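Student:
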Amino acid sequence: MNDASDGAEPADADVTGDGSADELVEVVRAQGHENVTAEHVSTLEFTSDDFLTPAGDCILAIEADRVPADFSDAFLDACQAHGATITATIEADGHTHEVTGRGHPDFSFENERSHVIRTSDYVDDRTVMVGADGAAADVDRNLVAALADGADATLTLRVDPA
Numbered sequence: 001m002n003d004a005s006d007g008a009e010p011a012d013a014d015v016t017g018d019g020s021a022d023e024l025v026e027v028v029r030a031q032g033h034e035n036v037t038a039e040h041v042s043t044l045e046f047t048s049d050d051f052l053t054p055a056g057d058c059i060l061a062i063e064a065d066r067v068p069a070d071f072s073d074a075f076l077d078a079c080q081a082h083g084a085t086i087t088a089t090i091e092a093d094g095h096t097h098e099v100t101g102r103g104h105p106d107f108s109f110e111n112e113r114s115h116v117i118r119t120s121d122y123v124d125d126r127t128v129m130v131g132a133d134g135a136a137a138d139v140d141r142n143l144v145a146a147l148a149d150g151a152d153a154t155l156t157l158r159v160d161p162a
């Protein structure tokens, strides 16, 4: 388990897009917030917004340094492949939670604000995973507490195009 607070890149992450490492990984860094409750039962979200109201019960972190529109074309193509499996790893303050789901041919990754993981099959420009095996309400409560205390967060998305 990587400690999200050590600032280390996952060994296989390609955040430069230069093809020097695995292009099927995208890493997003963000910040927890006092209003993180993680109570939503069908979605989980990271946003680039710099605020969070109590109504945002699916949002785990704010001030994301990257948005779906920043993702590489290779990553998008792999996520659009029939049978693609996507794994999201959320890390903060030494706690880790993993969610697995599917890609979808309608993914566009055009959004410049939010990454949304969905348990449903609904797709819009914010959707980065469908058919997820969990949502915000399923996230480890120790991780949620760390995020509510303002911990730094990392969202690592990996795709296996199968």
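First residue of the sequence shown? That's 1 in the UniProt record's numbering, and the numbers climb one at a time after it. We put the beta carbon where it would ideally sit given N, CA and C, even for glycine. Quick caveat: nothing in here was measured; it's all calculated off a predicted structure.
In chain order, what residues of the same chain lie with their CB nearer than 6 Å to the CB of residue 17, ignoring the 5 residues before and after it?
Tutor: Position 17 of the sequence shown, counted from the start, is the residue given in the question as residue 17. The predicted model places residue 17 with a pLDDT of 42, which falls under 50 and marks its position as unreliable; any figure quoted below should be read in that light. Closer than 6 Å at Cβ, skipping near neighbours: 72.
Student: Based on Cα-Cα distance, which residue from 69, 104 and 74 lies nearest to residue 115?
Tutor: For this step, residue 115 is matched to residue 115 along the sequence shown. Looking at the Cα atoms, 69 is the closest of the given residues.
Student: For residue 100, I'd like the list of residues in its chain whose CB is within less than 6 Å of its CB, leaving aside the five on either flank, ordered along the chain.
Tutor: Translated into positions along the sequence shown, residue 100 becomes position 100. Within the same chain, residue 100 has close Cβ partners 87 and 133.
Student: Can you tell me whether DSSP reads residue 75 as helix, strand or coil?
Tutor: Here residue 75 refers to the residue found at position 75 of the sequence shown. In this structure, residue 75 counts as helix in the three-state DSSP scheme.
Student: At the level of alpha carbons, what is the spacing between residue 93 and residue 129?
Tutor: Taking the sequence shown and counting its residues from 1, one reaches residue 93 at position 93. Taking the sequence shown and counting its residues from 1, one reaches residue 129 at position 129. So the two alpha carbons sit approximately 24 Å from each other.
Student: Excluding sequence positions up to five away, which residues of its chain have a Cβ less than 6 Å from the Cβ of residue 53?
Tutor: If you number the sequence shown from 1, residue 53 lands on position 53. There are no such residues.
Student: Since residue 135 and residue 44 should fall inside the 8 Å C-beta cutoff, what is the C-beta to C-beta distance between them, to a whole number of angstroms?
Tutor: Translated into positions along the sequence shown, residue 135 becomes position 135. Translated into positions along the sequence shown, residue 44 becomes position 44. About 5 Å separates the two Cβ atoms, so the contact holds.
Student: I believe residue 66 touches residue 154 by the beta-carbon criterion, under 8 Å. Please report the beta-carbon distance rounded to the nearest angstrom.
Tutor: For the purposes of this step, residue 66 is identified with residue 66 of the sequence shown, where counting begins at 1. For the purposes of this step, residue 154 is identified with residue 154 of the sequence shown, where counting begins at 1. In fact, because the Cβ distance is near 11 Å, the residues do not count as touching under 8 Å.
Student: Can you name the residues that DSSP bridges to residue 152?
Tutor: Your numbering for residue 152 matches position 152 in the sequence shown. In the DSSP output, where bridge partners are listed per residue, residue 152 has 31.
Student: For the beta strand (DSSP E) containing residue 60, list its first residue and its last residue.
Tutor: As a first step, residue 60 is located in the sequence shown; it is residue number 60 there, counting from the start. Start and end: 59-61.
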